[in-house]
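**Q** What follows is a structure written as structure tokens; I'll ask about it next.
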Amino acid sequence: MTNPRIALVTGANQGIGFAFAEGLAARLAPSDLVLFTGRNPQRVADAVTRVAGARSRVEGRVLDVTDVGAVERLAAELREEYGGVDIVISNAVGPLSAERTQAEQADEFIDVANGGTHAVLRSFGPVLRPSGRLIVVASSLGTLGHLDPRVQPLFDGASLDDVEKVVESWRAAIHEDTVEEQGWPRWINVPSKVAQVAAVRAVAAQRREQDLRDGTLVASVCPGLVDTRASRPWFEDFSQAQTPAQAAGPVLDLVLASHVDPAAYGELVRFGVVLPWHSGTPSRYAGVTAR
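Residue numbers for the sequence shown follow UniProt numbering, so the first one is 1 and each next one is one higher.
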């Protein structure tokens, strides 16, 4: 008898995070469990009640990804209760308002997007069962070529510890107003997304051989332009934007595929296609944010 699969999505109370979790609940088996997580208890509870068409079991769990201890405890609880997890989608993202400077919002944004990614990778990687999926939602902006050549080497071939140190150095440059002097773009979404992808690559490099033997996938994904409340302030043309459910589809296809393509392992994937790590053009634009 096959053990029930355990799936977890961070930032699952709204937008594409909700679509990921709802889509998993619709596609997994009745014995499987999908955990909707977020930091606001009421929003998590409300999200679970909104789920439509679920085949699997669904539950809400409160989780603030900026609380490293909380992430560690939940991973340990799931290992104790279920023997581990099978699917983890790290989707939580910090708010970014058009009404405030990016420097004013940098700490919360970085703590959620980058600190949260690091915490999930560190805590859930060790409890991921064979044939599991550990996915970080990033962006096509996460390729190394989007950074100035002066700072690109900081992420290329970096360990997870290295990535964390670079993120903190970049954070300090934001507060010291030396980002442009050091080669960082003022648009904080770019270094943040590159750091997320670099963190995934770092973890994947350590696990690759065993994971590919086990049929396990560690990767980052770009869902494309999604029409959500968070993206609305930053774009004028949404004619090509997807609904959260539409954007979730290709990501869930990757997550639930029976075969792991070695070419996608550790890489950034958009609509089933690997985006080369060194691709992209350096950007200093500070006017928009996107996934």
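Backbone N, C-alpha and C define an ideal beta-carbon position, used for all residues, glycine too.
1) Within 10 angstroms of the Cβ of Arg-39, are there 16 or more other Cβ atoms? Answer buried if so, exposed if not.
2) Candidates Ala-92, Val-112, Thr-178 and Gly-125: which alpha carbon is nearest Ala-76's?
3) Quick one: using the 10 Å Cβ neighbour count with 16 as the cut-off for buried, is Gly-94 buried or exposed?
4) Nearest by alpha-carbon distance to Thr-2: which of Glu-72, Gln-152, Asp-86 and Glu-267 is it?
5) Keeping to the same chain, check which residues put their C-beta closer than 6 Å to that of Ser-123; ignore five residues upstream and five downstream.
6) Kindly indicate the opening and closing residues of the alpha helix (DSSP H) around Asp-261.
7) Identify the continuous beta strand (DSSP E) that holds residue 304 and give its terminal residues.
8) Please check the pair Ala-7 and Leu-28, which I expect to be a contact at CB under 8 Å, by giving their CB distance rounded to whole angstroms.
9) When burial is assigned at 16 or more other CB atoms within 10 Å of the CB, is His-118 buried or exposed?
10) Check this for me: beta carbons of Asn-91 and Gln-196, under 8 Å apart or not?
11) According to DSSP, simplified to helix, strand and coil, what is Ile-135?
12) Excluding the 5 residues flanking Ala-21 on each side, which residues of the same chain have their C-beta closer than 6 Å to its C-beta?
13) Three-state secondary structure (DSSP) at Arg-291?
14) My assumption, with CB atoms under 8 Å, is that Val-88 sits in contact with Leu-134. Please give the rounded CB distance.
15) When DSSP labels each residue in this structure, what does Ala-52 get in the three-state scheme?
16) Less than 8 Å between CB atoms is the rule here; does Gln-240 satisfy it with respect to chain D?
17) Pull the bridge partners of Arg-270 from the DSSP assignment, please.
18) In the DSSP assignment, find the unbroken beta strand (DSSP E) run with Gly-157 in it and report its ends.
19) Should Arg-64 be labelled buried (16 or more other beta-carbon atoms within 10 Å of its own) or exposed?
20) Could you tell me the alpha carbon to alpha carbon distance between Glu-209 and Arg-270, rounded to whole angstroms?
21) From what residue to what residue does the beta strand (DSSP E) around Phe-18 run?
22) Taking Cβ to Cβ, would you say Ala-54 is nearer than 8 Å to Ala-98?
23) Note down the Cα distance separating Glu-180 from Val-151, rounded to an integer number of angstroms.
24) Roughly how many angstroms lie between the CA atoms of Pro-130 and Thr-101, to the nearest whole one?
25) Are the beta-carbon atoms belonging to His-146 and Gly-266 less than 8 Å from one another?
26) When the distance is taken between beta carbons, is Leu-254 closer than 8 Å to Val-221?
27) Note down the Cα distance separating Pro-149 from Glu-168, rounded to an integer number of angstroms.
28) Please state whether DSSP places Val-197 in a helix, a strand or coil.
29) Leaving out five residues before and five after Ala-106 in sequence, what residues of the same chain have Cβ atoms less than 8 Å from its Cβ?
**A** Reading it off the structure:
1) So Arg-39 ends up on the buried side.
2) Ranking the options by Cα distance to Ala-76, first place goes to Gly-125.
3) The residue is buried, with at least 16 neighbouring Cβ atoms inside 10 Å.
4) Here the closest residue by C-alpha is Asp-86.
5) Here the set comprises Val-71, Glu-72 and Ala-75.
6) From DSSP, Asp-261 is part of no alpha helix (DSSP H); its letter is neither H nor E.
7) The first residue shown for the chain is 1 and the last is 291, placing residue 304 beyond what the model contains.
8) With 8 Å as the limit, Ala-7 and Leu-28 qualify as a contact, their Cβ atoms being about 7 Å apart.
9) Its Cβ being crowded by 16 or more others within 10 Å, His-118 is buried.
10) Result no, Cβ atoms of Asn-91 and Gln-196 do not sit closer than 8 Å.
11) In the structure shown, Ile-135 sits in a strand (DSSP, three-state: E or B).
12) Non-local C-beta neighbours of Ala-21 in its own chain, meaning closer than 6 Å and more than five positions away in sequence, comprise Val-9, Ala-12, Val-34 and Phe-36, ordered along the chain.
13) With a pLDDT of only 43 at Arg-291, under 50, the local geometry of the prediction cannot be trusted, and the value read off the model is given with reservation. Arg-291 sits in coil when the DSSP states are folded into three classes, being neither helix nor strand.
14) About 5 Å separates the beta carbon of Val-88 from that of Leu-134, a gap short enough to meet the 8 Å contact definition.
15) Three-state DSSP puts Ala-52 in coil, outside helix and strand.
16) Included in the structure is just one protein chain, with no chain D present.
17) According to DSSP, residue pairing for Arg-270 in a beta bridge involves Cys-222 and Val-273.
18) Counting along the chain, Gly-157 falls outside any beta strand (DSSP E), and DSSP gives it neither H nor E.
19) Checking the displayed sequence, the identity of residue 64 turns out to be Asp instead of Arg. Flag for Asp-64 reads buried.
20) Glu-209 and Arg-270: Cα-Cα distance of roughly 23 Å.
21) Not the beta strand (DSSP E): Phe-18 falls in the alpha helix (DSSP H), residues 15 to 27.
22) In this structure, Ala-98 does not lie closer than 8 Å to Ala-54 by Cβ.
23) Cα-Cα distance, rounded: 11 Å.
24) Cα to Cα, the separation comes out at about 44 Å.
25) Contact: no.
26) Yes, the pair counts as a contact, with Cβ atoms nearer than the cut-off.
27) Cα-Cα distance, rounded: 19 Å.
28) Residue state, collapsed to three classes: helix.
29) Taken in chain order, the residues that qualify are Arg-171, Ile-174, His-175 and Ile-188.
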